[in-house]
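All letters in the sequence shown, in the order written, are residues -22 to -1, 1 to 482 by mature numbering (1 follows the signal peptide of the UniProt record, and there is no 0).
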Amino acid sequence: MDFYNLPMWLFLLLIPLLLLLKKIIKFKGQNLPPSPPQLPFLGNLHQLGALPHQSFTKLSKKYGHVMLFKYGRIPFVIINSAEAAKEVLKVHDIDSCSRAQLTGTGKLSYNFVDIAFAPYGDYWRQIRKICVLELFSLKRAQSFRFIREEEVGLLVNSISQSASSGTPVDLSEKIYALTGSIVFRMAFGQIFRGSGLDNHQFEKLVRATESVMGGFTTEECIPYVGWIIDRLNGYHAKLEKTFRDLDAFFQKAIDDHLKPERAMEDQEDIIDVMLKIGKDQTKSGEAQITHDNIKAVLMNIFLGGVDTSSITVIWSMAELARNPRLMKKAQDEVRNCVGKQGRVTEDDLDQLPYVKMIIKETLRLHPPAPLLLARESISHFKVDGYDINPKTLIQVNVWAIGRDPKYWKNPEEFYPERFMDSSIDYKGQNFEFLPFGSGRRVCPGIYLGIRTSELALANLLYCFDWKLPKGMKEEDINMEEGVGVSLNLSKKTALNLVPLNYVP
């Protein structure tokens, strides 16, 4: 065939056909996971609903627990069973522990964003070690106890004022503010209290960051024309502004920590710890922790830490409000344990097994991250007999696994007692229950998140009796999952309940 004499339109038509042929030859003889029917350019996007985890769960019933799904041109392998999750997260953990950058942020001029999504390698191992041994160690988490108890006390005082008037309280707003303040103080200390840059402003910035990080750009999904759509809808301008504001916020925090006249607080915050590590590394000649490294860690902490605990407490209170028997059982446990001391402290938590069961059941039924953050495979391996090639993106649908009748009796029912005398835990060793992931990418802040959730829930149960707004019945509580702006599974509507002060 004489390519030089072909009409231009025919030549252009041949290009995608040749690329498709190359792809077919590349994967010939491989046993790839089954996939729903795909459309040109769109892939499987037309089959993706507002809540992807629910869409994947429905599709898996037809196409299997290991499924190939394409976001436009981006191939994903979706894992919907505990057995397959174990193969990925344990058996082939080292083969699938990298992380892909999916939001087009590499085109920005902010190094800390790239660092925050660093793939598996020497840098990632160094930061992981710092997180496990320094930032989120049990000792460090216990040192922040006074912050958690102080902020929960402020929450209780705020609700008590509303209780005297008998008006409903927006618990969703209250609890989001609580967890935001706790994480804010752990990261920054008291440095912004009373200044123009306060935690309320930063919470808004976190929401904006979640908004631009919660999905894929059109350019990533649809080649050639996607970049035009992204520019027309202002996505890149919004992305640039969000990270410019975030960079400025973090830099001011770091600069204020470096001021020689700054009065050191009794408790080191996360920036103090990171700056100290960087200083020690400079003295020893090791790789230095830069300001961009600190900003990257801070961004991951806020994106992963603010919503997780608040979502868990909100869903717990919503489920208890729908089940007065469970609410009374939990309140009786807390009040019998605490007696007349007035507040629940962290010393009391280990004596509240039913509260712990409620948190576990909430994490099973309403995992804050229904889809674990996407992993990227490093080398070829097999899952359930299917070939997984290098550079394949993998997501585990923990929402589907937590509601699978194969592992859970009456899985749609909120039944905390199912964890009584059970060894199943959320630390990543029981693959039917993975709210925090497993393996090398397991969430390092499990203890902090669980402790915050348990303390907040126990105090809400101890300090108040809860009633529904006038004219409302238990079955009227909206339990729909929210679309949200991030990957987290929030309640679609705010939880409004009427508090009544409890007098021991």
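Every residue gets a Cβ at the ideal spot worked out from N, C-alpha and C, and that includes glycine.
Please name the residue in Ser74, Cys109, Ile108 whose C-alpha comes closest to that of Tyr98. Walking along the sequence shown from the start, residue 98 turns up at place 120. Checked all of Ser74, Cys109, Ile108; the closest Cα to Tyr98 is Ser74.
Top-ranked residue by Cα proximity to Ile108, from Val333, Gly320, Gln266: Numbered from its first residue, the sequence shown carries residue 108 at position 130. Answer by Cα proximity: Gln266.
Taking 8 Å as the cut-off, does the segment 341 to 353 touch the segment 281 to 301 (at least 3 CB pairs, one atom from each stretch)? yes
Cβ separation of Ile249 and Phe114, assumed to be a contact under 8 Å, to the nearest whole Å: Counting from 1 along the sequence shown, the entry for residue 249 is found at position 271. Counting from 1 along the sequence shown, the entry for residue 114 is found at position 136. At roughly 15 Å, the Cβ-Cβ gap does not stay under 8 Å, so Ile249 and Phe114 are not in contact.
Where the alpha helix (DSSP H) containing Leu475 begins and where it ends: In the sequence shown, the residue the question calls residue 475 occupies position 497. Unbroken run through Leu475 is the beta strand (DSSP E), 474 to 479; no alpha helix (DSSP H).
For Arg240 and Gly172, the rounded distance between their alpha carbons: Position 194 of the sequence shown, counting from 1, holds the residue named residue 172. Position 262 of the sequence shown, counting from 1, holds the residue named residue 240. The pLDDT assigned to Gly172 is 44, lower than 50, so where the model puts this residue is not dependable, and the model offers no usable value.
Reference Ala155; option with closest CA among Tyr364, Asp285, Ile72: To locate residue 155, count along the sequence shown from 1; it is residue 177. Out of Tyr364, Asp285, Ile72, Asp285 has the C-alpha closest to the C-alpha of Ala155.
Between Thr370, Pro368, Lys369, Tyr385, which has its C-alpha nearest Val376's C-alpha? Here residue 376 corresponds to residue number 398 of the sequence shown, with the count starting at 1. Ranking the options by Cα distance to Val376, first place goes to Tyr385.
Going by DSSP, which residues form a beta bridge with Trp444? Working through the sequence shown from its first residue, we reach residue 444 at position 466. The secondary-structure analysis by DSSP pairs Trp444 across a beta bridge with Pro477.
Less than 6 Å between C-beta atoms, sequence neighbours within five positions excluded: which residues of the same chain meet that for Gly144? Here residue 144 refers to the residue found at position 166 of the sequence shown. Same-chain partners within the cutoff: there are none.
Under three-state DSSP, which class holds Gln266? What you label residue 266 is simply residue 288 of the sequence shown in a count that begins at 1. In this structure, Gln266 counts as coil in the three-state DSSP scheme.
Using only the alpha-carbon positions, how far apart do Phe34 and Val374 sit? In the sequence shown, counting from the first residue as 1, residue 34 sits at position 56. In the sequence shown, counting from the first residue as 1, residue 374 sits at position 396. Their Cα atoms are separated by approximately 10 Å.
Simplified DSSP assignment, three categories, for Lys307: Here residue 307 is taken as the residue at index 329 of the sequence shown, counted from 1. Of the three classes helix, strand and coil, the one that applies to Lys307 here is helix, per DSSP.
Look up Phe359 in the DSSP assignment and say whether it is helix, strand or coil. By one-based count along the sequence shown, residue 359 stands at place 381. Correct three-state label for Phe359: strand.
Beta-carbon gap between Leu236 and Leu253 smaller than 9 Å: Locating residue 236 in the sequence shown gives position 258, counting from the first residue. Locating residue 253 in the sequence shown gives position 275, counting from the first residue. Less than 9 Å separates the beta-carbon of Leu236 from that of Leu253.
Alpha carbon to alpha carbon, how far is Ile337 from Ser431? Give it in angstroms, no decimals. Here residue 431 is taken as the residue at index 453 of the sequence shown, counted from 1. Here residue 337 is taken as the residue at index 359 of the sequence shown, counted from 1. Distance between the alpha carbons of Ser431 and Ile337: 8 Å.
N-terminal and C-terminal residue of the beta strand (DSSP E) that Asp365 is part of: Counting from 1 along the sequence shown, the entry for residue 365 is found at position 387. Element bounds for Asp365: 364 to 366.
6 Å CB neighbourhood of Gly174 in its chain, flanking five on each side removed: Sequence index remark: in the sequence shown, residue 174 carries index 196 (1-based). Per-residue confidence for Gly174 stands at a pLDDT of 48, beneath the threshold of 50, marking its modelled position as unreliable; the derived number appears in the next sentence. Excluding sequence neighbours, Gly174 sits near nothing in its chain.
Could you give the distance in angstroms between the alpha-carbon of Pro482 and the alpha-carbon of Phe392? Working through the sequence shown from its first residue, we reach residue 482 at position 504. Working through the sequence shown from its first residue, we reach residue 392 at position 414. Pro482 and Phe392: Cα-Cα distance of roughly 29 Å.
Can you check which of these residues, Arg353, Ile379, Lys39, Met277, is closest to Phe162 by C-alpha distance? Here the question's residue 162 lines up with position 184 in the sequence shown. Check the Cα spacing between Phe162 and each of Arg353, Ile379, Lys39, Met277: the tightest is with Met277.
Quick one: what does DSSP say Glu151 is sitting in, helix, strand or coil? Within the sequence shown, residue 151 is the residue found at index 173, counting from 1. DSSP places Glu151 in helix when its eight states are reduced to three.
With Val374 as the anchor, note down where its beta strand (DSSP E) starts and where it stops. For the purposes of this step, residue 374 is taken as the residue at position 396 of the sequence shown. Residues 371 to 374.
Asn456, buried or exposed, once every other Cβ within 10 Å from all chains shown has been counted against 16: Here residue 456 corresponds to residue number 478 of the sequence shown, with the count starting at 1. By the 10 Å Cβ count, Asn456 comes out exposed.
Between the C-alpha atoms of Cys421 and Ser142, what's the straight-line distance to the nearest angstrom? Residue numbering aside, residue 421 sits at position 443 when the sequence shown is read from its first letter. Residue numbering aside, residue 142 sits at position 164 when the sequence shown is read from its first letter. Whole-angstrom Cα-Cα distance: 40 Å.
What residue range does the alpha helix (DSSP H) around Val130 cover? As a position in the sequence shown, residue 130 is number 152, starting the count at 1. That run of the alpha helix (DSSP H) goes 123 to 141.
Expressed to the nearest angstrom, what Euclidean distance is found between the alpha-carbon atoms of Glu246 and Val110? As a first step, residue 246 is located in the sequence shown; it is residue number 268 there, counting from the start. As a first step, residue 110 is located in the sequence shown; it is residue number 132 there, counting from the start. Between Glu246 and Val110, the C-alpha separation is close to 16 Å.
Cβ pair count under 8 Å reaching 3, the segment 434 to 448 against the segment 402 to 414: No, the segment 434 to 448 does not touch the segment 402 to 414.
If you drop the 5 nearest sequence neighbours on each side, which residues of the same chain put their C-beta closer than 8 Å to that of Ile356? By 1-based counting over the sequence shown, the position of residue 356 is 378. Only Ile72, Asp73, Ser74, Cys75, Ser76, Tyr98, Pro368 meet the Cβ criterion.
Endpoints, the beta strand (DSSP E) within which Met45 is located: The count along the sequence shown starts at 1 and reaches residue 45 at position 67. Note, Met45: beta strand (DSSP E), 44 to 49.
Which term fits Asn135, buried or exposed, when burial requires 16 or more other beta carbons within 10 angstroms of its beta carbon? Position 157 of the sequence shown holds residue 135. Looking at its Cβ environment, which holds fewer than 16 other Cβ atoms inside 10 Å, Asn135 is exposed.
Is the Cβ of Lys254 closer than 9 Å to any Cβ of chain C? In the structure shown, chain C cannot be found, because there is only a single protein chain.
Please state whether DSSP places Lys469 in a helix, a strand or coil. Counting from one through the sequence shown, the residue named residue 469 turns up at place 491. DSSP places Lys469 in strand when its eight states are reduced to three.
Burial state of Arg429, where buried means 16 or more other Cβ atoms lie within 10 Å: Numbered from its first residue, the sequence shown carries residue 429 at position 451. Classification of Arg429: buried, given that the 10 Å Cβ count is 16 or more.
Touch test, the segment 34 to 53 against the segment 322 to 337, Cβ-Cβ under 8 Å, three pairs minimum: As far as the Cβ criterion goes, the segment 34 to 53 does not touch the segment 322 to 337, which means the pair count is below three.
Can you tell me where the beta strand (DSSP E) with Pro238 in it begins and where it stops? Mapped onto the sequence shown, residue 238 falls at position 260. No beta strand (DSSP E) holds Pro238; DSSP gives it neither H nor E.
Helix, strand or coil: which one does DSSP assign to Val420? Residue mapping note: residue 420 aligns to position 442 of the sequence shown, counting from 1. Val420 falls in the coil class under three-state DSSP.
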